[in-house]
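First residue of the sequence shown: 1, per the UniProt record's numbering; consecutive thereafter. Every residue, glycine too, gets a C-beta built ideally from N, C-alpha and C. Predicted model, so just to flag it, every value in this text is computed and none were measured.
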Amino acid sequence: MSPRPDSGARAETVLEVVVPAYNEEGRLPRGLALLCDKLAGMQIPASVVVVDNASTDGTSRIVREWPRGPVEVRLVSCERRGKGAAVRAGLMTTTAPFVGFCDVDMATDLSALDAVLPMLAAGCPAVIGSRADRRSVVEVRHSRFRRVGARVFRAMARVLVGPIGDTQCGFKFFAGPRVREAAADLRETGFAFDVELLARMRAKDLPVVEIPVRWRDVAGSTFSVSRHSLGVFSQLFMIFARVGLAGRGGRSLWRVRPAHPATAHPATARPATGHPATAHSAALQASPQDGSAPVSSSAA
1 MSPRPDSGAR AETVLEVVVP AYNEEGRLPR GLALLCDKLA GMQIPASVVV
51 VDNASTDGTS RIVREWPRGP VEVRLVSCER RGKGAAVRAG LMTTTAPFVG
101 FCDVDMATDL SALDAVLPML AAGCPAVIGS RADRRSVVEV RHSRFRRVGA
151 RVFRAMARVL VGPIGDTQCG FKFFAGPRVR EAAADLRETG FAFDVELLAR
201 MRAKDLPVVE IPVRWRDVAG STFSVSRHSL GVFSQLFMIF ARVGLAGRGG
251 RSLWRVRPAH PATAHPATAR PATGHPATAH SAALQASPQD GSAPVSSSAA
């Protein structure tokens, strides 16, 4: 990305986006360029927080040398290994009213941000991308073994998070104070941290709204089925032990709130016609952010 002239004193940041990174010097420049360009185009005061998760390559150097522009990019170091640890570290440094995180590969098309911000501004505590939404456009190259494992994982995760269709999409945005409160209690450092974060928000009776996304499988993921599968399932059991016990003292994690005339259950609610998410889902058939041809629609 070419340097942009700085406009002088920055306005108070409205949105902060956390990007966890472990040995990502190869993919980080493209991801940062896409994210900064998108945020700059939204014309809101925004910044990016890259969390270097004990990388041994040039990840931190890329962030330190990133050209100054309308979107501030800052570096946070997290020596504790694990994506969950990195995301938590990043979230806990934020101060903006709206906060989120996304993966460095930008597998989720950033056009989804057009729906996210109005929903957060309207008072939604959490808006997350869902590849399981039938309106999503998804390109999957996963092996059959990984797809089966994902289905089992989702079934187990629902014990903690209820009817949320996709806990693992790396595109989640929140009301800043709410997510910082939940993140302060996070203990899971691995790939299942999303489940604990959502479970803790559910324990506080905070609605989580899923929106459709355009998502494509990008090569270079740090998740390995052979190395991480058993660990991820054990993480779920640990989350159940931690958050499940916490839920017994007050609001139950497993209670599904009855639908209110004005608001269906947050995890399954469909936005009304004219809602930002409705317009966003209609736009998913447009060309993706990298200019490649649209991909076919399928379940995650």
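Thinking C-alpha only, which one of the options is nearest residue i?
i: TRP66; options: LEU32, ALA40, LEU206; result: LEU32
i: GLY58; options: LEU28, VAL161, LEU91, PRO118; result: LEU28
i: GLY231; options: GLU188, ASP109, ARG242, VAL218; result: GLU188
i: ALA183; options: VAL138, LEU113, THR94, SER60; result: THR94
i: VAL63; options: ASP185, GLU139, ALA21, TRP215; result: ALA21
i: ALA219; options: GLU12, THR13, ALA11, GLY26; result: GLY26
i: LEU75; options: GLY82, LYS83, ALA89, GLY84; result: ALA89
Provide the residue(s) that pair with residue i in DSSP beta bridges, ordered along the chain.
i: LEU15; result: ALA46, PHE98
i: LYS172; result: PHE101, ILE128
i: PRO75; result: Per the sequence shown, residue 75 should be read as Leu rather than Pro. Looking at the DSSP assignment, LEU75 forms a beta bridge with VAL50.
i: ALA21; result: ASP52
i: TRP215; result: THR108, VAL138
Go to residue i, then tell me how far its beta strand (DSSP E) extends in each direction, as first and last residue.
i: PHE212; result: Position check: residue 212 holds Pro in this sequence, whereas Phe was assumed. Where PRO212 is concerned, the enclosing beta strand (DSSP E) stretches over 208 to 212.
i: VAL137; result: 137 to 139
Regarding residue i and the ligand MG, is the C-beta to nearest heavy atom distance less than 7 Å?
i: THR189; result: The ligand MG is absent from the structure shown, which contains no ligand whatsoever.
Applying the 10 Å Cβ sphere with the 16-neighbour rule, what's the burial state of residue i?
i: LYS204; result: exposed
i: VAL148; result: exposed
i: GLU210; result: buried
i: VAL51; result: buried
i: PRO24; result: Before going on, a small fix: residue 24 reads as Glu here, not Pro. With 16 or more Cβ atoms within 10 Å of its Cβ, GLU24 is classed as buried.
i: GLY176; result: buried
i: residue 333; result: Absent from the model: residue 333. The displayed extent of the chain is 1 to 300, so no value can be given.
i: ALA241; result: exposed
Taking the alpha helix (DSSP H) that residue i falls in, what are its first and last residues?
i: SER55; result: Careful: SER55 lies outside any alpha helix (DSSP H) and carries neither H nor E.
i: PRO118; result: 113 to 121
i: ALA33; result: 28 to 41
i: ALA199; result: 193 to 203
i: ARG88; result: 83 to 91
- request: State whether the segment 167 to 174 contacts the segment 55 to 74, with contact taken as three or more CB pairs (one from each stretch) at a distance under 8 Å.
  value: no
message: Under 8 Å: do the segment 11 to 22 and the segment 98 to 118 share three or more Cβ pairs, one atom per stretch?
response: yes
query: Would the segment 160 to 169 and the segment 126 to 133 be scored as touching if the rule is three or more Cβ pairs under 8 Å?
result: yes
task: Check whether the segment 193 to 202 touches the segment 111 to 118, taking contact to mean three or more Cβ pairs, one atom from each stretch, closer than 8 Å.
output: no
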